[in-house]
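Residue numbers (this note's numbering), protein chains in the order written: chain A, 34 to 135; chain B, 418 to 883.
Ideal Cβ positions, reconstructed from N, Cα and C, are used throughout, including at glycine.
Report on one structure; see the data block that follows.
Listed below in structure tokens is the structure:
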């Protein structure tokens, strides 16, 4: 009997939870705010679903109820992607070590 | 158009890059590189999605327009936002992830062919379950984050809003969500899908209103976690590895942060979620409180004490963020350092309104991160320090947490500020902190209260030091 592909996805999911668990525990507490903003940015990879929905409109009707929700989701996710990565970068640029020139 | 297998491999690569993005945050040196990996991962995921559809005709231009409009808004916000507003920003971003998940689920429900999920009214059972879970969690994330945002922004009162029958009502709604998902799967009715969404929005709203301002670190982390699970749910629907991996990463990240925050307050997760802390039983013991003498001083006294110290530990809290005193504080510390005084910063896990809030503010004020220490790293140093300078923190320094088993904060890890030779406490008034209890530290022999706005007081001290 063949294994349902769902099981493979479930395996990826479960293993990723474990990876997340260990990776996040190793994040230094002083970077917890950037951690939140970057997880925000990467969870907006949900934009791939929005793009599929947006492109699904056929040639005579670019706008149908499904693709409109797709377009809206694209802009929401894009706000997050650009905003999330840029604000993380801005924050991380501020973390500096003590100057050792004295 | 590229094959499904090839695009799956690219999605896997982008998932791995996202793992590396989080891995980079283990130290500030590698963190910028980590963020870069995250950006690459995102570019790969988006590019592959376009290539795998290969339909560059009609809708493509609109996709680009919406992408650019969103991107510009996001970039604008990212550059304009002041660092003190970071908790609001993160809450706002969470709400967008949640809403995007809901919208994607709606389009998948309306046009399942585009996603290879079957046809309307005849969607594959597994996909329908995944989709409805993703949509429900996304909706909860959205409305919950909106409330968190309003509370953090001060548009909505930060005090807990509770009413009779709140918990039974929430329980009924949660059960009905499960029932609705079951009904949706058996009938495929779009009406049930819409009701499910409305009810999920409602429960997100109801879950967050009873939670008070200082519990926001837990709430934000929890919503962070939810946004991840929502993304994962949609990832299963779309059979997309990048989304599944990311969802799992973000979900566990938020869960761990919530755990750390709860531990920092010595409260169980359920205790926080059920809410109403400080609103009910504490009023009794604050009424029979006698007036105790406090010593108060001015900037001159504080400057004198610090000038004669050889080591000073700074304890910042939410009040520092409110007063925007971080830059003034750093200037004061610079002056102290010029006088050869050793200065370090002690950060309590729940100081501020989100995990790591104080660290970001200090970093913004150019405080080197190797002068900033976590509670466990620095707590033993208080006994050897001359002066503790508490600015905008309160409950996290209260020795009652160690001595009085009756106290609501008993058992919460606190900074051992009282062990310092002298304590300077910058505060507007003697009012109790968020937990609604008096801070014994105010009345200690070695405590000097500095009643003033944190920023103004710090500036005055700097003048007197000079």
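With a threshold of 7 angstroms (Cβ to nearest heavy atom), would residue i be considered close to the ligand GTP?
i, result
"residue 443 (chain B)", "Of the ligands one can find in the structure shown there are none, so the ligand GTP has no counterpart to examine."
Quick check on residue i: does DSSP put it in helix, strand or coil?
i, result
"residue 796 (chain B)", "helix"
"residue 884 (chain B)", "A query on residue 884 (chain B) cannot be resolved here, the shown segment of chain B reaching from 418 to 883 and no further."
"residue 536 (chain B)", "strand"
"residue 810 (chain B)", "coil"
"residue 547 (chain B)", "helix"
"residue 805 (chain B)", "strand"
"residue 60 (chain A)", "coil"
"residue 754 (chain B)", "helix"
"residue 782 (chain B)", "coil"
"residue 39 (chain A)", "helix"
"residue 767 (chain B)", "coil"
"residue 827 (chain B)", "coil"
"residue 711 (chain B)", "coil"
"residue 46 (chain A)", "helix"
"residue 819 (chain B)", "helix"
"residue 759 (chain B)", "strand"
"residue 728 (chain B)", "strand"
"residue 881 (chain B)", "helix"
"residue 791 (chain B)", "strand"
"residue 741 (chain B)", "coil"
"residue 645 (chain B)", "helix"
"residue 775 (chain B)", "helix"
"residue 449 (chain B)", "helix"
"residue 680 (chain B)", "helix"
"residue 832 (chain B)", "coil"
Would you say residue i faces chain B, with C-beta separation under 8 angstroms as the test?
i, result
"residue 40 (chain A)", "no"
"residue 130 (chain A)", "yes"
"residue 67 (chain A)", "yes"
Kindly list, in the order they appear in chain A, the residues whose Cβ is closer than 9 angstroms to that of residue i.
i, result
"residue 665 (chain B)", "45, 46, 47, 48, 49, 50, 51, 52, 53"
"residue 513 (chain B)", "73, 77, 109, 110, 112, 113, 116"
"residue 459 (chain B)", "74, 75, 77, 78, 80, 114, 118"
Closer than 7 angstroms by beta-carbon distance: list the chain B residues that pair up with residue i, in chain order.
i, result
"residue 127 (chain A)", "780, 781"
"residue 34 (chain A)", "Result: empty, since nearest Cβ-Cβ is about 17 angstroms, beyond 7 angstroms."
Using 8 angstroms as the limit for Cβ to Cβ distance, is residue i near chain A?
i, result
"residue 787 (chain B)", "yes"
"residue 770 (chain B)", "no"
"residue 656 (chain B)", "yes"
"residue 579 (chain B)", "no"
"residue 415 (chain B)", "No information on residue 415 (chain B) is available, as it lies outside the stretch 418 to 883 that chain B covers here."
"residue 618 (chain B)", "no"
"residue 641 (chain B)", "yes"
"residue 748 (chain B)", "no"
"residue 766 (chain B)", "yes"
"residue 644 (chain B)", "yes"
"residue 496 (chain B)", "yes"
"residue 525 (chain B)", "yes"
"residue 462 (chain B)", "yes"
"residue 435 (chain B)", "yes"
"residue 621 (chain B)", "no"
"residue 686 (chain B)", "no"
"residue 831 (chain B)", "no"
Report all residues from its chain with a CB closer than 7 angstroms to the CB of residue i; omit the five preceding and five following residues, and keep chain order.
i, result
"residue 678 (chain B)", "634, 635, 638, 766, 767, 772"
"residue 724 (chain B)", "756, 882"
"residue 682 (chain B)", "767, 829"
"residue 741 (chain B)", "501, 872"
"residue 874 (chain B)", "716, 843, 867"
So, at 8 angstroms on beta carbons, what are the nonlocal neighbours of residue i in its own chain, with the 5 sequence-adjacent residues on each side left out?
i, result
"residue 671 (chain B)", "638, 639, 640, 641, 642, 643, 644, 645"
"residue 74 (chain A)", "113, 114, 116, 117, 118, 121"
"residue 417 (chain B)", "The question about residue 417 (chain B) has no answer, for chain B in this structure spans 418 to 883."
"residue 536 (chain B)", "529, 530"
Kindly list, in the order they appear in chain A, the residues whose Cβ is closer than 8 angstroms to that of residue i.
i, result
"residue 659 (chain B)", "78, 81"
"residue 449 (chain B)", "122, 125, 126"
"residue 842 (chain B)", "Neighbours of residue 842 (chain B) on chain A: none; closest Cβ ~24 angstroms, over 8 angstroms."
"residue 442 (chain B)", "60, 61, 64, 67, 68, 71"
What residues from chain A crowd round residue i, counting only those whose CB sits closer than 7 angstroms?
i, result
"residue 669 (chain B)", "50, 53, 54, 57"
"residue 490 (chain B)", "112"
"residue 791 (chain B)", "62"
"residue 521 (chain B)", "79, 82, 83, 86, 106"
So, at 6 angstroms on beta carbons, what are the nonlocal neighbours of residue i in its own chain, with the 5 sequence-adjacent residues on each side left out?
i, result
"residue 879 (chain B)", "748, 749, 752"
"residue 459 (chain B)", "none"
"residue 464 (chain B)", "none"
"residue 662 (chain B)", "432"
Give a yes or no on whether the minimum CB-CB distance between residue i and chain D is below 8 angstroms.
i, result
"residue 455 (chain B)", "Among the protein chains in the structure shown, which are A and B, there is no chain D."
Runs of beta strand (DSSP E) wholly within the region 836–867 of chain B (minimum 3 residues, chain order): 839–844
4-residue-minimum alpha helix (DSSP H) runs that sit fully inside the region 455–502 of chain B, ordered along the chain: 477–497
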